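Written below as structure tokens is the structure these notes are about.
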Ligand code: FAD
């Protein structure tokens with residue numbers, strides 16, 4: 012039989028597109044090499060990392076002044092921590108399998124490889140099955156970038172997947188790369204007792220976020236982690252006692268001995284796999300599949316979504332693309348053209364931003380102004396002891412339309428939702444300022460920032 016749609020990969024892009032297409036009446040198959048559905052995000056990404064960060068938050072809370080309440084030093088049972096991580100993952104991946112069944116999406120477990128523009132071979136335990144389709148969606152995701160000088164066969168070298176296992180809690184962990192994934196795992200290991208050094212090649216950690224937001228994060232963590240920016244790791248030598256690191260910065264080279272290294276230097280797309288290029292699908296030089304706003308590739312009946320395509324490598328971007336592309340295949344006239352894709356670092360404090368950043372506005376010479384409300388003036392933040400934070404709006408100088416926003420502080424990621432909607436709706440400072448925000452609340456800082464910008468308060 013010929014499927015209306017075959018989706019290769021069951022991550023947030025893959026399952027979102029398969030489910031939407033099935034809901035629209037298409038006959039759908041989804042191919043996944045692993046037993047569990049959900050891709051990187053559910054199995055070894057977004058979800059297990061947040062389960063561990065939840066535990067890290069509890070541990071760190073015990074360290075903080077509790078305003079009259081004294082906590083004792085926490086006792087950590089690593090087996091139970093791992094159990095929380097795994098049961099969270101299992102609940103969600105199990106839920107996906109049920110949802111696929113409920114929608115009559117055929118799930119085929121095995122390694123998929125395109126055979127032609129209308130067929131794919133699925134191989135499992137040496138057995139091959141040819142699957143024919145009218146349309147296909149490539150949702151094969153991405154993988155961690157590897158560095159040539161890293162001795163990966165040494166068990167003290169971690170990537171994000173092995174770091175999530177919590178096999179060992181090293182005394183001193185070097186996190187190579189100061190991006191979101193590295194910093195979230197640094198937060199987890201620090202809470203479990205590791206000394207943390209972060210080495211970042213660029214001039215700031217958390218590239219992509221405005222420096223003033225990152226500074227608040229750095230200040231809050233200055234006693235917990237060492238941040239080395241403009242620092243390149245150029246060699247790692249494994250000895251029985253330690254991993255000897257050679258670092259290079261503006262002062263020259265120096266050595267650092269650590270117990271473990273987490274390599275978190277970014278991810279690269281899986282475009283050069285699964286026979287994708289061989290059937291004529293066009294890729295760029297880095298291996299991203301080229302698509303238009305509807306997810307169409309250079310082959311008319313083949314589409315691509317998620318990390319394997321251009322844009323931020325984020326789960327919610329993948330799933331939104333997945334919905335649009337499924338609808339396009341079902342004959343709807345829709346495009347993927349978001350004004351704002353939120354980014355959140357689930358660190359302590361959280362750093363969250365959406366739309367245009369101030370840095371990007373300067374680079375592109377877009378005339379913007381900013382309105383910043385410091386959390387040291389928020390009643391809720393003071394009462395809750397979370398004054399290390401700020402809420403910033405970036406708005407068009409002439410129209411006062413909000414183009415971007417950044418928040419650093421407790422629950423910043425949750426507070427960002429309002430601003431993502433504001434940007435999509437084309438809201439101005441006045442629209443936000445006239446919206447009644449509950450008092451006292453952390454989201455009130457959004458309203459107060461808008462009032463400051465609009466000049467209704469000073
Ligand atoms: P993937 O999730 O990578 O799924 C691709 C699937 O395709 C995989 O299951 C793979 O096994 C399968 N596959 C590939 N090739 C084949 C083949 N030939 N045959 C059969 N199956 C195949 N994003 C967020 O938005 N929020 C977060 O908090 C967040 N945290 C993260 C934390 C970590 C540690 C990591 C590593 C990533 C995190 N991400 C986060 C990124 C997020 O996981 C990805 O953006 C998202 O998973 C991409 O979805 P996708 O559908 O494109 O691909």
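Residue numbers (our numbering): 12 to 469. By construction, the Cβ of each residue, glycine as well, lies at the ideal position given by its N, Cα and C atoms. Since we're looking at a predicted model, the values are computed, not measured.
What residues are listed by DSSP as bridge partners for residue 385?
Walking along the chain shown from the start, residue 385 turns up at place 374. Per DSSP, 401.
Could you check how far apart the C-beta atoms of residue 267 and residue 243 are, in whole angstroms? I think they sit under 8 Å.
Residue numbering aside, residue 267 sits at position 256 when the chain shown is read from its first letter. Residue numbering aside, residue 243 sits at position 232 when the chain shown is read from its first letter. Actually they do not touch by this definition, with Cβ atoms about 13 Å apart.
Going by DSSP, what residue range makes up the beta strand (DSSP E) through residue 373?
The residue labelled residue 373 in the question sits at position 362 within the chain shown. Where residue 373 is concerned, there is no enclosing beta strand (DSSP E), although the alpha helix (DSSP H) it sits in stretches over 369–374.
Residue 150 Cβ short of 8 Å to the ligand FAD heavy atom set:
One-based indexing of the chain shown puts residue 150 at position 139. Checking every heavy atom of the ligand FAD against the Cβ of residue 150, one is found closer than 8 Å.
How would you call residue 490, buried or exposed, if buried means at least 16 neighbouring beta carbons within 10 angstroms?
Here the chain has residues from 12 to 469 only, and residue 490 is not among them.
Would residue 107 and residue 14 be called neighbours here (beta carbons separated by less than 9 Å)?
Here residue 107 corresponds to residue number 96 of the chain shown, with the count starting at 1. Here residue 14 corresponds to residue number 3 of the chain shown, with the count starting at 1. Result no, Cβ atoms of residue 107 and residue 14 do not sit closer than 9 Å.
Give the range of the alpha helix (DSSP H) segment to which residue 30 is assigned.
The residue you call residue 30 lines up with position 19 of the chain shown. Where residue 30 is concerned, the enclosing alpha helix (DSSP H) stretches over 23–34.
Looking at C-alpha atoms only, which residue of 122, 396 and 332 is the closest neighbour of residue 348?
Taking the first residue of the chain shown as position 1, residue 348 is located at position 337. Checked all of 122, 396 and 332; the closest Cα to residue 348 is 332.
Residue interval of the beta strand (DSSP E) (run including residue 138)
The residue you call residue 138 lines up with position 127 of the chain shown. Counting along the chain, the beta strand (DSSP E) containing residue 138 begins and ends at 138–149.
Which of helix, strand or coil DSSP assigns to residue 308
Here residue 308 refers to the residue found at position 297 of the chain shown. Correct three-state label for residue 308: coil.
Exposed or buried, residue 11, counting other C-beta atoms within 10 Å across all chains shown (16 or more means buried)?
Outside the shown range of the chain (12 to 469) lies residue 11, about which nothing can therefore be said.
Using the Cα positions of residue 430 and residue 439, report the straight-line distance between them to the nearest angstrom.
Taking the chain shown and counting its residues from 1, one reaches residue 430 at position 419. Taking the chain shown and counting its residues from 1, one reaches residue 439 at position 428. Looking at the two C-alpha atoms, the distance is approximately 11 Å.
Do you know offhand how far residue 68's Cα is from residue 222's?
Stepping through the chain shown from its first residue, residue 68 is reached at position 57. Stepping through the chain shown from its first residue, residue 222 is reached at position 211. The alpha-carbon atoms of residue 68 and residue 222 are separated by roughly 24 Å.
Please look up how many angstroms separate the CB atoms of residue 269 and residue 203, rounded, as I've assumed it's under 8 Å.
In the chain shown, counting from the first residue as 1, residue 269 sits at position 258. In the chain shown, counting from the first residue as 1, residue 203 sits at position 192. With a Cβ gap of about 16 Å, residue 269 and residue 203 do not count as contacting.
Within 10 angstroms of the Cβ of residue 189, are there 16 or more other Cβ atoms? Answer buried if so, exposed if not.
Position 178 of the chain shown, counted from the start, is the residue given in the question as residue 189. Around the beta carbon of residue 189, 16 or more other beta carbons lie within 10 angstroms, which makes this residue buried.
Within 10 angstroms of the Cβ of residue 181, are there 16 or more other Cβ atoms? Answer buried if so, exposed if not.
Along the chain shown, read from residue 1 onward, the residue named residue 181 stands at position 170. Buried, since its Cβ has 16 or more Cβ neighbours within 10 Å.
Sorry if obvious, but does the Cβ on residue 14 come closer than 8 Å to a heavy atom of the ligand FAD?
Counted from its first residue, the chain shown places residue 14 at position 3. No, the ligand FAD has no heavy atom inside 8 Å of this Cβ.
Among 200, 83, 149 and 166, the one whose alpha carbon lies nearest that of residue 336:
Here residue 336 is taken as the residue at index 325 of the chain shown, counted from 1. Comparing Cα-Cα distances from residue 336 to each of 200, 83, 149 and 166, the minimum goes to 149.
Roughly how many angstroms lie between the CA atoms of residue 6 and residue 66, to the nearest whole one?
In the structure as shown, the chain starts at 12 and stops at 469, and residue 6 therefore has no counterpart that could be examined.
So, are the CB atoms of residue 171 and residue 197 less than 9 Å apart?
What you label residue 171 is simply residue 160 of the chain shown in a count that begins at 1. What you label residue 197 is simply residue 186 of the chain shown in a count that begins at 1. Not a contact, by the Cβ cut-off of 9 Å.
Can you find a heavy atom of the ligand FAD that lies under 8 Å from the Cβ of residue 103?
Within the chain shown, the letter at position 92 stands for residue 103. Incorrect: residue 103 has no Cβ contact closer than 8 Å to the ligand FAD.
To the nearest angstrom, report how far apart residue 363 and residue 321 are at their CA atoms.
As a first step, residue 363 must be located in the chain shown, where it is residue number 352. As a first step, residue 321 must be located in the chain shown, where it is residue number 310. Residue 363 and residue 321: Cα-Cα distance of roughly 21 Å.
Taking residue 365 as part of the beta strand (DSSP E), name the residues at either end of that continuous run.
Residue numbering aside, residue 365 sits at position 354 when the chain shown is read from its first letter. Where residue 365 is concerned, the enclosing beta strand (DSSP E) stretches over 361–366.
In its own chain, which residues sit with a C-beta less than 6 Å from the C-beta of residue 208, not counting the 5 before and 5 after it?
Here residue 208 corresponds to residue number 197 of the chain shown, with the count starting at 1. If we look at residue 208 and ignore the five residues flanking it on each side, its Cβ neighbours are 185 and 237.
Check the C-beta distance from residue 100 over to residue 58 and give it rounded, since I have them as a contact under 8 Å.
The sequence position of residue 100 within the chain shown is 89, counting from 1. The sequence position of residue 58 within the chain shown is 47, counting from 1. Residue 100 to residue 58, Cβ: 6 Å. Contact.
Can you tell me which of the three DSSP states residue 515 falls into?
What the structure shows of the chain is the stretch from 12 to 469, and residue 515 is not part of that stretch, so it cannot be assessed.
Just how far apart, CA to CA, sit residue 215 and residue 121?
For this step, residue 215 is matched to residue 204 along the chain shown. For this step, residue 121 is matched to residue 110 along the chain shown. Rounded to whole angstroms, residue 215 and residue 121 show a C-alpha spacing of 41 Å.
Under 8 Å by Cβ, that's how I've got residue 368 and residue 417 pegged, so tell me the actual separation to the nearest angstrom.
Translated into the one-based positions of the chain shown, residue 368 becomes position 357. Translated into the one-based positions of the chain shown, residue 417 becomes position 406. That pair is a contact at about 7 Å.
Let me check understanding here. Comparing Cα to Cα, which of 138, 79, 130 and 254 lies closest to residue 164?
Taking the chain shown and counting its residues from 1, the one referred to as residue 164 is at position 153. Residue 164 has its Cα closest to that of 254, out of 138, 79, 130 and 254.
May I ask whether a heavy atom of the ligand FAD can be found less than 8 Å away from the beta carbon of residue 44?
In the chain shown, counting from the first residue as 1, residue 44 sits at position 33. Result yes, Cβ under 8 Å from the ligand FAD.
Could you tell me the alpha carbon to alpha carbon distance between residue 329 and residue 80, rounded to whole angstroms?
For the purposes of this step, residue 329 is taken as residue 318 along the chain shown, with counting starting at 1. For the purposes of this step, residue 80 is taken as residue 69 along the chain shown, with counting starting at 1. About 44 Å.
Return the chain-ordered list of same chain residues with a C-beta closer than 6 Å to the C-beta of residue 312, the five sequence neighbours on each side being excluded.
To locate residue 312, count along the chain shown from 1; it is residue 301. When the five nearest sequence neighbours on each side are left out, the beta carbons in the same chain lying within less than 6 Å of the beta carbon of residue 312 are those of 146, in order along the chain.
When you compare the CB positions of residue 291 and residue 271, do they come within less than 9 Å of one another, or not?
Position 280 of the chain shown, counted from the start, is the residue given in the question as residue 291. Position 260 of the chain shown, counted from the start, is the residue given in the question as residue 271. No, the Cβ-Cβ distance between residue 291 and residue 271 is not below 9 Å.
Please work out which residues of its chain come closer than 8 Å, Cβ to Cβ, to residue 55, disregarding the five sequence neighbours upstream and downstream, and give them in chain order.
Position 44 of the chain shown, counted from the first residue, corresponds to residue 55. Taken in chain order, the residues that qualify are 171, 172 and 175.
Please state if the CB of residue 414 and the CB of residue 273 are separated by a distance shorter than 9 Å.
On the chain shown, position 262 is the one that residue 273 refers to. On the chain shown, position 403 is the one that residue 414 refers to. No.
For a test of the three-state rule: what should DSSP assign to residue 196, helix, strand or coil?
Position 185 of the chain shown holds residue 196. DSSP places residue 196 in helix when its eight states are reduced to three.
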